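From first to last, the protein sequence lines are chains L and P. Going left to right, the first sequence walks through residues 1 to 332 as this note's numbering numbers them. Going left to right, the second sequence walks through residues 1001 to 1136 as this note's numbering numbers them.
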Amino acid sequence: MEIDFTHHQSAHCENGVVSNLMKHHGFQVSEPMVFGIGSGLLFCYIPFLMVNHAPAITYRVMPGFIFKRFANRVGIKIKREKFKQPSNAKKRLDENLKKDNPVGLQVGVYNLVYFPDEYRFHFNAHNLVVYGKDKDNYLISDPVMEHVTTLTSKELEKVRFAKGAFAPKGHMYYPIYIPKEITLEKAIVKGIKHTCRDMLAPIPIVGVKGIKMVSRLIRKWPNKKGNKVANHYLGQIVRMQEEIGTGGGGFRYIFAAFLQEASDILNNPKLKELSKEMTQIGDLWRDFALDASRLYKNRSGKTDGYNNIADQLEIIANKEEVFFKKLKKAIK
Amino acid sequence: MKKDDVPQDKGSLESADFKELCYAVDENGKYTTVNSSGWTPKTIALDNAIEDINERVENAKQRVLNNETSPIEYYMEYHKMDLGILASYVGLWRWRVKRHFNPKVFNKLSQKKLQKYADVFDVTIEQLKNITLHGN
């Protein structure tokens, strides 16, 4: 059985699943729109969560939040199910496919056989859509892939029941109620306000303050942790910013694309200007990644190198602080 | 980022023949999407991470061969796991898994426990006990 489902590639998995499911149900909602309304943009330094032997840094909100907020703000109801027994998880999935209902799944990346080996890490908050079944093969629309793919039922069970942080426990979700018409205006304003609040939060590890904190830490790492560990941590920052494992980078650009789209919908030219500004900030993040990668490629333990990129981060933090204050005013 | 600046460097994605999607602005300043084949800074970061893992695996292998640790640690590193992840896969407390790193304790493990580890690592019990049988 195969559901008539159109696959669109996206930059980030969760946005992509939501956007693709919305399009399937007849609403043309773009990936940036999902990201913006769902207040996906965030910066958070999480020292107590070690990922791949380095502290975690996230550039977006917790897995699942984007969909949850998006749904709340546009008035969609989603059903979410988790399972103890893999057999039950499979049964419920098959039932939905029989009813022509494509479902979103949260899965672990490590056993996703269609990913290149280098990309397979123990990261459990990847999202994809199952839209059919052909004998023992499930038809998969993984939003970060160019084309659709398949997984055998055994392979799918493995990724649905991956273990570790964010263990998906067979997590599956799908909309059960979608209003006849959805209006985006209010949802957009709510989404933007929330992002501003997050990014300007008076908490040391979150938002602009979090970026400043990481900048201060980078200065200390070479002396405190030694050259090797400092390089490893730095690599982790870049990987979390850019890699597929955490859902793909370029969040600043997606947010800028959202502001551009929102500017037309709200008829607010200020947002278009701010979109340009966010694009420039996105470019600064890329420059930072480029210089950081040069630094650890040369493996030089020179502290000026570290101070240099820490300076760059500090500049970014200051620019973002100004930016989000302006954004907050622009939608009042 | 401008459309023409979207990096098309050679990366590890090339071998897998897939490109990722990037958001960038076109000539008129309008946002659009472009496929990218890879970006060198990312490739460097990824290569570094892989190198680091390989070092850990090699290190664990030597220590197993010197009888300083049990094969469980080798297989754990090989599968890019850490203690917490492995513990949740086998359904044991972390300290118990750590104890099984001790070769003396490992040699006394029951068939049932060994099978559990073997299943998680997708190897036979013989391969679990003797890492030289592990084809990589």
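For every residue, glycine included, the Cβ atom is placed at its ideal position computed from N, Cα and C. None of the values given here were measured: they were computed from a predicted structure.
Would you please verify whether the beta carbon of residue i is less than 9 Å from any beta carbon of chain L?
{"i": "P:T1124", "result": "no"}
{"i": "P:D1119", "result": "no"}
{"i": "P:L1092", "result": "no"}
{"i": "P:F1101", "result": "no"}
{"i": "P:A1060", "result": "no"}
{"i": "P:W1095", "result": "no"}
{"i": "P:H1079", "result": "yes"}
{"i": "P:I1085", "result": "yes"}
{"i": "P:N1028", "result": "no"}
{"i": "P:Y1074", "result": "no"}
{"i": "P:T1040", "result": "yes"}
{"i": "P:K1003", "result": "no"}
Whole angstroms are fine: how far does the CA of residue j sit from the CA of residue i?
{"i": "L:V61", "j": "P:D1047", "result": "27 Å"}
{"i": "L:R197", "j": "L:L274", "result": "17 Å"}
{"i": "L:H7", "j": "L:V159", "result": "21 Å"}
{"i": "P:M1001", "j": "L:V206", "result": "25 Å"}
{"i": "L:G245", "j": "P:R1096", "result": "Because the pLDDT of L:G245 is 47, which lies under 50, any placement of that residue in the model is unreliable, and the question is left without a value."}
{"i": "L:G247", "j": "L:C13", "result": "With a pLDDT of 49 at L:G247, under the threshold of 50, the modelled position of that residue is not reliable, and the figure given next carries that caveat. Each residue's Cα considered, the two are about 6 Å apart."}
{"i": "P:Y1078", "j": "P:I1050", "result": "11 Å"}
{"i": "P:A1087", "j": "L:A165", "result": "11 Å"}
{"i": "L:V103", "j": "L:F65", "result": "17 Å"}
{"i": "L:A289", "j": "L:I57", "result": "14 Å"}
{"i": "L:K98", "j": "L:M1", "result": "7 Å"}
{"i": "P:I1125", "j": "L:K135", "result": "32 Å"}
{"i": "P:S1037", "j": "L:V129", "result": "24 Å"}
{"i": "L:N268", "j": "L:K186", "result": "13 Å"}
{"i": "L:E118", "j": "L:P143", "result": "19 Å"}
{"i": "L:N111", "j": "L:K169", "result": "15 Å"}
{"i": "P:E1068", "j": "P:E1055", "result": "17 Å"}
{"i": "P:K1116", "j": "L:S30", "result": "45 Å"}
{"i": "L:K209", "j": "L:D264", "result": "31 Å"}
Tell me, please, which residues DSSP counts as bridged to residue i.
{"i": "L:M172", "result": "L:E81 and L:L105"}
{"i": "P:T1032", "result": "P:A1024"}
{"i": "L:P55", "result": "L:M50"}
{"i": "L:I140", "result": "L:V130 and L:T149"}
{"i": "L:V206", "result": "L:C44"}
{"i": "P:Q1008", "result": "P:G1038"}
{"i": "L:R60", "result": "L:L41"}
Got a sec: is the Cβ-Cβ distance from residue i to anything in chain P below 9 Å?
{"i": "L:H7", "result": "no"}
{"i": "L:I254", "result": "yes"}
{"i": "L:K319", "result": "no"}
{"i": "L:H24", "result": "no"}
{"i": "L:T195", "result": "no"}
{"i": "L:M199", "result": "no"}
{"i": "L:N127", "result": "no"}
{"i": "L:G247", "result": "Confidence is the limiting factor: at L:G247 the pLDDT is only 49, short of 50, which leaves the residue's position unreliable and the question unanswerable from this model."}
{"i": "L:G36", "result": "no"}
Give the single residue among the options whose Cα lies nearest to the Cα of residue i.
{"i": "P:G1029", "options": "L:A256, L:M33 and L:N124", "result": "L:A256"}
{"i": "L:G282", "options": "P:N1102, P:K1019, P:Y1023 and P:Q1111", "result": "P:Y1023"}
{"i": "L:L156", "options": "L:G108, L:M145, L:D100 and L:K68", "result": "L:G108"}
{"i": "L:K82", "options": "L:D311, L:L93 and L:I76", "result": "L:L93"}
{"i": "P:D1052", "options": "L:L284, L:E321 and L:H232", "result": "L:H232"}
{"i": "L:N72", "options": "L:I37, L:K225, L:R80 and L:K98", "result": "L:I37"}
{"i": "P:E1020", "options": "L:E146, L:V208, L:I237 and L:I182", "result": "L:E146"}
{"i": "L:Q236", "options": "L:I315, L:Q280, L:E320 and L:A54", "result": "L:A54"}
{"i": "P:K1003", "options": "P:G1011, P:I1044, P:Q1111 and P:T1033", "result": "P:T1033"}
{"i": "L:N137", "options": "L:L234, L:I182, L:E321 and L:T150", "result": "L:T150"}
{"i": "P:D1122", "options": "P:R1063, P:M1076 and P:H1100", "result": "P:M1076"}
What three-state label does DSSP hand residue i in the structure shown?
{"i": "L:T195", "result": "helix"}
{"i": "L:L151", "result": "strand"}
{"i": "P:R1096", "result": "helix"}
{"i": "L:D311", "result": "helix"}
{"i": "L:E2", "result": "strand"}
{"i": "P:K1002", "result": "strand"}
{"i": "L:F121", "result": "coil"}
{"i": "P:D1122", "result": "coil"}
{"i": "L:Q395", "result": "No information on residue 395 of chain L is available, as it lies outside the stretch 1 to 332 that chain L covers here."}
{"i": "L:Q241", "result": "helix"}
{"i": "L:Y177", "result": "strand"}
{"i": "L:Q9", "result": "coil"}
{"i": "L:V322", "result": "helix"}
{"i": "L:K329", "result": "helix"}
{"i": "L:V74", "result": "helix"}
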